[in-house]
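Shown next, in C-alpha cells, is the structure this report addresses.
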Amino acid sequence: LTQEHALREAIAAQQFVLHYQKQVDNNGAATGYEALLRWKHPQRGLIAPGYFIALAEETGLIIPLGRWVLEQACQQLARWSKEEDCAHLRLAVNISPLQFQQDDFVDTVIAILQQSGATPERLELELTESLLLSDIAHAADKMHRLRKHGVLFSLDDFGTGYSSLSYLKHLPLNQLKIDKSFVDDITHSTSADAIVRTIIALAHSLELNVIAEGVETAQQRDFLLANGCKHHQGYLYEKPAPLS
Ligand code: G
Ligand code: G
Ligand code: MN
Ligand code: NA
C-alpha cells in the first residue's frame, strides 16, 4: 500500500520521463524510436519500468500513467513533424494489457492524437501476445478501428508467447518484434538461430515488417541482415536516453 501511495504521488508530481531508443534500417539510418518510461525518483534516481510497471498494472495506475506516456509521445511526434530531418520518424509506445482492455482505449488514443496534432501513421503501438490472447475478438476490433485512423501495430516480445498463426493473419499488424532472448543467443545456439530464421520467414510470408530488439554485437547484426531482417534496435546502435 505504501508503494502504491508512492507511485500515486509520483504521478501527481509528474516524476516520470520518457527515454527514447533508436530503431535503424539496414543502412543504419533511423526509422524511428521506442519510448521507454522511467521514474525520476527524487531520492533514488532513475528507476526502470521493471520496478513499477507490475504495481501500476495491479493498482490500475497504469491507466493515468499510460495516458501520460501516449500524450508525451504524440507531442514529440508533432514536434518531429515540423522538422525536416525528423518528419519521417515513427514512435513506438508500449501498451499494457489493462490499458488496452479499457472500453475507451480507442477513443482515448484518437483524442490524444487529435489534441497533439501528431500524424497517426507515425504512431506505433507495441502490443504483446498475452494481451491479444485474452479476448481476441475485442482486441481485433480495437486494432481495426485504430488502423483505420492510420495507427500502426507491432507485436512485442514475439516468439515468447502463444501466437496462433491463424490469428496473426487476421490482425491488422504491421510488424513482429523478435524478442531479445532469441537475439541474445544468435550464433551461440542452433535452436535460437532456427527460431530467428523462422520468425523472419513467417513475417515475410505474412507481409509484415520484422525488427530485432536487443541487438548488441556485430555478429548478431550480420546474422540478422544475412537472414533478411533489416530493422534493428539495441545497444549496438544506441542505448535508451532522453532526447537531447
Ligand atoms: O528499458 P526497459 O527497462 O525500459 O523496459 C522494460 C520493460 O518495461 C519493457 O518490457 C517495456 O515493454 C516496458 N515498458 C517501458 N516503457 C513502458 C511504458 O511506457 N508502458 C508500458 N506499459 N510498459 C513499458
Ligand atoms: O518493450 P520491451 O520489452 O521490448 O523493452 C525493451 C527493453 O530492452 C528495455 O528495457 C530496453 O532498455 C532494453 N534494451 C534495448 N536494447 C537492449 C540491448 O541491446 N541490450 C539490453 N540488455 N537491453 C536492451
Ligand atoms: Mn517494447
Ligand atoms: Na520486447
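Residue numbers for the sequence shown follow my numbering, beginning at 1 and rising by one.
We treat Cβ as the ideally placed atom computed from N, Cα and C, and that holds for glycine.
None of the values given here were measured: they were computed from a predicted structure.
Asked, Found
"Relative to the C-alpha of Q332, which candidate in A56, N209 and F223 has its C-alpha closest?", "Look at the range of the chain in this structure, 1 to 244, and you will see that residue 332 is not part of it."
"Are the stretch 164-174 and the stretch 186-200 touching by the rule of at least three beta carbon pairs closer than 8 angstroms?", "no"
"In whole angstroms, give me the CA-to-CA distance for S244 and I186.", "33 angstroms"
"For Y235, does the count of other Cβ atoms within 10 angstroms reach 16, so buried, or fall short, so exposed?", "exposed"
"Taking the alpha carbon of A203 as the reference point, which residue from I53, S191, E213 and C229 has its own alpha carbon closest?", "C229"
"How would you write the range of the beta strand (DSSP E) that G45 sits in, first residue to last?", "G45 to I47"
"For H19, which beta-bridge partners are listed by DSSP?", "L36"
"Within 10 Å of its beta-carbon, does H232 have 16 or more other beta-carbons around it, so buried, or fewer, so exposed?", "buried"
"Please classify F52: does DSSP put it in a helix, a strand, or coil?", "coil"
"With hydrogens ignored, establish whether the beta-carbon of K180 is closer than 7 angstroms to any heavy atom of ligand 2.", "yes"
"Determine the direct distance from the alpha carbon of L176 to that of N209, and round the result to whole angstroms.", "6 angstroms"
"Using the C-alpha atoms, what's the distance from A118 back to G150?", "11 angstroms"
"Is the Cβ-Cβ distance between E126 and N174 less than 8 angstroms?", "no"
"Between the stretch 79-88 and the stretch 45-53, are three or more C-beta pairs nearer than 8 angstroms?", "no"
"With C-beta atoms as the reference, is L133 less than 8 angstroms away from V109?", "no"
"Distance, Cα to Cα, D184 vs T160?", "14 angstroms"
"Between the Cα of A241 and those of H5, L7, Y51 and L18, spot the shortest distance and give me the residue it belongs to.", "L18"
"Give me whichever residues DSSP pairs with A30 in a beta bridge.", "V24"
"Looking at ligand 3, does it come within less than 7 angstroms of N94, judged from the CB to the closest heavy atom?", "yes"
"Is the Cβ-Cβ distance between Q23 and K239 less than 8 angstroms?", "no"
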